[in-house]
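Beneath this line is the structure, given in structure tokens, with notes to follow.
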Amino acid sequence: MSEGEMQMGILFKPLSKVLWKQIDDEVHACFQAGTERPTVAAVLYHIRSHKFLLITSTSGGLLNPGLVKGGVKKGESALCALIREIRQELRVRILEKHIKGYAGSFSVASVHQKDGRSTKRYFVFLVAYGGPHKLNINGELSGYFWYLLEEIPEVLGISQEARPRKYEVLMQIFASPSLKKAKAKRKKKITGR
Numbered sequence: 081m082s083e084g085e086m087q088m089g090i091l092f093k094p095l096s097k098v099l100w101k102q103i104d105d106e107v108h109a110c111f112q113a114g115t116e117r118p119t120v121a122a123v124l125y126h127i128r129s130h131k132f133l134l135i136t137s138t139s140g141g142l143l144n145p146g147l148v149k150g151g152v153k154k155g156e157s158a159l160c161a162l163i164r165e166i167r168q169e170l171r172v173r174i175l176e177k178h179i180k181g182y183a184g185s186f187s188v189a190s191v192h193q194k195d196g197r198s199t200k201r202y203f204v205f206l207v208a209y210g211g212p213h214k215l216n217i218n219g220e221l222s223g224y225f226w227y228l229l230e231e232i233p234e235v236l237g238i239s240q241e242a243r244p245r246k247y248e249v250l251m252q253i254f255a256s257p258s259l260k261k262a263k264a265k266r267k268k269k270i271t272g273r
């Protein structure tokens with residue numbers, strides 16, 4: 081992927097009943113094929129500070145920042161899995177109305193898979209959050225950090241060599257015009273322009 085393509089980013093689509101059904105059908109297809117593990121991922125956006133959350137896991141360490149994520153259980157909807165994972169990992173309650181968009185699904189080779197599948201299919205959602213910045217994370221996570229959009233490429237650069245596909249996907253996500261609109265709103269609030 082060229083630098084120009086990465087800068088274009090991915091559009092987050094508004095969610096509808098039809099789109100939720102399409103997502104769940106794709107999750108179901110992952111289970112049927114048995115080659116990819118369906119995994120939900122949240123781009124968590126703080127509505128007041130306009131910062132984005134990156135987490136580090138106990139298994140990946142500080143040199144592997146990423147999104148809040150977790151596997152979808154067989155028979156579970158993507159919506160239920162997303163709400164469950166955010167609640168489990170961050171001990172934060174979100175509602176369907178806080179899920180603002182869907183970026184699509186992406187395959188990324190997995191390092192440690194208990195079930196033997198070598199690839200995860202990430203279903204990526206934009207989630208608005210208005211609670212405190214201080215979070216009570218669970219034991220699966222080793223840390224979390226809130227970043228402005230313009231800080232994220234440098235932070236993600238840490239993992240570029242070790243996990244190039246993960247880096248590529250995250251850079252596409254954070255280059256989204258949808259996220260840049262949020263940044264523009266923040267600038268307008270600060271400068272009045």
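In the numbering used here, the protein residues as written are 81 to 273.
Virtual Cβ for every residue (Gly too), placed ideally from N, Cα, C.
Evaluate Ser-256 with the Cβ neighbour count: other Cβ atoms within 10 Å of its Cβ, from every protein chain shown; 16 or more gives buried, anything less gives exposed.
-> The residue you call residue 256 lines up with position 176 of the sequence shown. Classification for Ser-256: buried.
Please go through the same chain and pick out, in chain order, the residues whose beta-carbon is closer than 6 Å to the beta-carbon of Ile-238, but skip the five residues on each side of it.
-> Counting from 1 along the sequence shown, the entry for residue 238 is found at position 158. Hits under 6 Å: Leu-143.
Should Gln-102 be labelled buried (16 or more other beta-carbon atoms within 10 Å of its own) or exposed?
-> Within the sequence shown, numbered from 1, the residue matching residue 102 stands at position 22. That one is exposed.
Three or more beta-carbon pairs under 8 Å between the region 212-223 and the region 130-139, yes or no?
-> yes
Whose C-beta lies closer than 8 Å to the C-beta of Gly-210 among residues of the same chain, with five residues either side of it excluded?
-> In the sequence shown, residue 210 corresponds to position 130, counting from 1. For Gly-210, where only same-chain residues beyond five positions count, the Cβ hits under 8 Å are His-126, Ile-127, Arg-128.
Limits of the beta strand (DSSP E) - the one that Ala-208 falls within = Your numbering for residue 208 matches position 128 in the sequence shown. Per DSSP, Ala-208 belongs to the beta strand (DSSP E) from 199-209.
Which residue's Cα is closest to the Cα of Glu-116: His-108, Ala-122, Val-123?
-> Start at 1 with the first residue of the sequence shown, and residue 116 comes out as number 36. It is His-108 whose Cα lies nearest to the Cα of Glu-116.
Start and end residues, beta strand (DSSP E) containing Glu-116 = Within the sequence shown, the letter at position 36 stands for residue 116. Its beta strand (DSSP E) spans residues 116-126.
Spatial distance of Ala-122 from Ile-166 (CA atoms) | On the sequence shown, residue 122 is found 42 positions in, with the first residue counted as 1. On the sequence shown, residue 166 is found 86 positions in, with the first residue counted as 1. Roughly 8 Å between the two C-alpha positions.
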